[in-house]
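Residues 1142 to 1451, numbered by my numbering, are exactly what the sequence shown covers, in order. All C-beta atoms, glycine included, are put in the ideal place defined by N, C-alpha and C. Computed from a predicted model, the values in this text were never measured in an experiment. What follows is a set of notes on a single structure, which appears directly below.
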Amino acid sequence: GIVSCGPWANVQLVRLWSYLQKSQALLPRMFRHDHWEWVLAVSAFFVYIHGFWLVDRGMVSTAKKGVRHPWRKYRLQDQYAAQQHERKVQHALNRGDSLAAKELDEAGPPMPKLSKWHAKAFLFEVPLYIVPLYIWDVLAPRRAARIATFSAPTVSRIATDIVGGLLLYDFVFFFAHWTMHKVPIFYRWFHKKHHESKEVRACDQVRLSGVEEFVDVGISIWALRFLGAHPVSRTIYNLIITFLLTELHCGYDFPWSLQNVVPFGLVNGSRGHHYHHRNGKHYYQKFFCHLDRIFGCVHKERRVENYARN
């Protein structure tokens, strides 16, 4: 079914590419503009981050009424609090204090407060991302001429560009991230800001120092340029990677989260990255897990869990 749809999809892509190259409608003109990619990325981040903010607001509003929101069981901070609560109950039982254990059990685990929302991102990180790219676009307009060198993309070309871009970005980022943790002066100057909150929320994706933001964005741009990714592939890639980065820091472990959908523990996901923020070690890759496994950067309990599941 998927294979038979390939030729039809490629025909539609030819039509789409002609439309994007030649039409004077608003969307094609935006697509051909030099600001297109970073405006798209910032807009996507805004939508994704504030989508999770709305979910967080649901947790806060119900907690104020003394009600436990049904999605709290998916919050990694609440899961950790529940584990701590279970340990207290077990400790009370071990010392023979059944009354205390019963009281703790009846009270249930606490509803921890959410960490502070990083609202200052719009004062520092966002302008730091936008201004250099804006100046670069103004001084060296290039997108329209570059687009003209491409023919229409195919489904296989788009898939290869996106998967290859994510893998290459993740590969290079692993070593940059690992270095920031293993070299104390690099951690203190460049990466410590990102770890200010141990219980991460979606907004923490953009809690970055200037150097770290330059490295992170630079790796992504380089990966796409190295692969010679098609402009359509780059557009879809930006929509996907901004979601993956936001979901990585969302603080939730939903049944439909990637780490619970992709088999064989191939994806770190929000659970692994939350562990990284809470403990400051392990899970240096953002998306995948192969390098973390090769270099022994996977927590042993997670290894057992992945093998048991698969």
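| Item | Value |
| --- | --- |
| Closest Cα partner of Asp1302 within the set Ile1377, Tyr1416, Phe1429 | Ile1377 |
| Presumed contact (8 Å Cβ cut-off) between Ser1411 and Tyr1393, rounded CB distance | 6 Å |
| Check whether Phe1331 and Ser1350 have beta carbons under 8 Å apart | yes |
| Limits of the alpha helix (DSSP H) - the one that Lys1230 falls within | The identity of residue 1230 in the sequence shown is Val, whereas the question assumes Lys. Counting along the chain, the alpha helix (DSSP H) containing Val1230 begins and ends at 1217 to 1235. |
| Given 8 Å, three or more beta-carbon pairs between the stretch 1395 to 1413 and the stretch 1314 to 1332 | no |
| Inter-residue CB distance, His1418 and Lys1339 (contact presumed, cutoff 8 Å) | 6 Å |
| Pro1341, DSSP secondary structure in three states | Checking the sequence, you will find Val at residue 1341 rather than Pro. Coil. |
| Unbroken stretches of the beta strand (DSSP E), 3 residues or longer, contained in the stretch 1242 to 1281 | none |
| Same chain, Cβ closer than 7 Å to Glu1247, five either side skipped, listed in chain order | none |
| N-terminal and C-terminal residue of the alpha helix (DSSP H) that Asn1420 is part of | 1410 to 1420 |
| Residue range of the alpha helix (DSSP H) that includes Ile1322 | The question names Ile, but residue 1322 is His in the sequence shown. Element bounds for His1322: 1296 to 1323. |
| Closest by C-alpha distance to Ala1242, when choosing among Pro1251, Val1230, Pro1250 | Val1230 |
| Whether Asp1311 touches Gln1426 by CB criterion (8 Å) | yes |
| C-alpha gap between Leu1264 and Lys1422, whole angstroms | 29 Å |
| Touch test, the stretch 1272 to 1291 against the stretch 1165 to 1185, Cβ-Cβ under 8 Å, three pairs minimum | yes |
| Leu1255 vs Val1201 beta-carbon contact at 8 Å | yes |
| Continuous alpha helix (DSSP H) stretch holding Tyr1378: start and end | 1372 to 1389 |
| Bridge-paired residues (DSSP) for Phe1395 | DSSP lists no partner for Phe1395. |
| Test item: CB-CB of Pro1251 and His1226 under 8 Å | yes |
| Same chain, Cβ closer than 8 Å to Ile1190, neighbours up to 5 away in sequence not counted | Ala1343, Cys1344, Gln1346, Val1347, Thr1387 |
| Beta-carbon spacing of Asn1409, Phe1395 below 8 Å | no |
| Separation of Val1304 from Lys1334, as counted between CA atoms | 30 Å |
| According to DSSP, residues forming a beta bridge with Phe1429 | Val1408 |
| Anticipated Cβ contact below 8 Å, Val1296 with Asn1151, distance rounded | 6 Å |
| Spatially closest choice to Glu1337 from Val1267, Val1358, Phe1187, His1259, by CA coordinates | His1259 |
| Endpoints, the alpha helix (DSSP H) within which Tyr1189 is located | 1177 to 1205 |
| Residue span of the alpha helix (DSSP H) that contains Leu1349, given as start and end | Taken as a continuous stretch (DSSP letters only), Leu1349 belongs to no alpha helix (DSSP H), as it is neither H nor E. |
| Asn1235 burial status per 10 Å Cβ neighbour count (16 or more: buried) | exposed |
| Three-state secondary structure (DSSP) of Asp1238 | coil |
| Test item: CB-CB of Trp1179 and Ile1271 under 8 Å | yes |
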